[in-house]
Structure formats: C-alpha cells, structure tokens
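Read through the structure below, which is laid out as structure tokens, and then see the notes.
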Amino acid sequence: GGMLGLEFLRPHCLVLTNSFADTGLWNMSTRELSKAFPNDIQKGLAVGVLDTETYGKTLGVFHKNRGCLVDPWPEELVY
Numbered sequence: 008g009g010m011l012g013l014e015f016l017r018p019h020c021l022v023l024t025n026s027f028a029d030t031g032l033w034n035m036s037t038r039e040l041s042k043a044f045p046n047d048i049q050k051g052l053a054v055g056v057l058d059t060e061t062y063g064k065t066l067g068v069f070h071k072n073r074g075c076l077v078d079p080w081p082e083e084l085v086y
C-alpha cells in the first residue's frame with residue numbers, strides 16, 4: 008500500500024508510517040530473517056503463492072515471530 012501511495016501522491020504531501028520503501032531490500036531482509044527458522048518453515052516460505060495453503064501457514068509463523076508480537080493479534084491484523 009505504501010509503495011502505491013508514493014506513486015499516486017508523489018506531487019502532494021504525504022506522511023507514511025510502517026511501510027517499506029525498497030522492495031529489494033525488504034525481500035533480502037525477509038530472506039535473511041527466515042534463516043533463523045527451522046527448515047520446514049524456510050521451505051514453506053520459499054514456495055510462495057504456488058502453494059497457498061503451505062505458504063499461508065508458514066507465513067503466519069513468520070509474522071508471529073518477526074511481525075506483530077502482540078498475542079492475540081489485534082482484530083485489524085487478522086485476515
């Protein structure tokens with residue numbers, strides 16, 4: 008959302024919070040963080056959307072450990 012907002016509102020004033028500015032850096036950082044997880048989680052993250060069920064489960068584990076640490080998650084973050 009942040010990237011789209013930057014492109015759309017570039018000529019205007021816009022304050023963004025909690026949005027990455029560089030997709031390549033974000034991907035590299037995510038890959039680096041995933042190395043700390045067991046192999047099954049790493050493999051699940053690597054398949055991506057080709058296997059949505061596996062990816063969804065492993066992405067949930069990743070987010071609970073590297074994303075929102077509040078338990079239970081706020082309603083706004085549950086999807």
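Heads up, the sequence shown is in the working numbering, so the first residue is 8 and it goes up one at a time.
For every residue, glycine included, the Cβ atom is placed at its ideal position computed from N, Cα and C.
*Cα-Cα, which of Gly12, Ile48, Pro79 and Val77 is closest to Glu26?*
Reading the sequence shown from its first residue, position 19 is the one you call residue 26. The residue you asked about is not Glu; residue 26 is Ser in the sequence shown. Checked all of Gly12, Ile48, Pro79 and Val77; the closest Cα to Ser26 is Gly12.
*Select from Glu39, Thr61, Asn34 and Met35 the residue whose C-alpha is nearest the C-alpha of Asp47.*
The residue given as residue 47 occupies position 40 in the sequence shown. Taking only the C-alpha atoms, the option nearest Asp47 is Thr61.
*Start-to-end residues for the alpha helix (DSSP H) that takes in Phe69*: To locate residue 69, count along the sequence shown from 1; it is residue 62. Thr59 to Arg73 is the extent of the alpha helix (DSSP H) around Phe69.
_Cα-Cα separation between Trp33 and Val56, rounded to whole angstroms_ = Taking the sequence shown and counting its residues from 1, the one referred to as residue 33 is at position 26. Taking the sequence shown and counting its residues from 1, the one referred to as residue 56 is at position 49. Distance from the CA atom of Trp33 to the CA atom of Val56, rounded to whole angstroms, is 17 Å.
*Whose C-beta lies closer than 8 Å to the C-beta of Cys75 among residues of the same chain, with five residues either side of it excluded?*
For this step, residue 75 is matched to residue 68 along the sequence shown. Shown here for Cys75: same chain residues with a beta carbon closer than 8 Å to its own, the five before and five after excluded, namely Pro81 and Leu84 in chain order.
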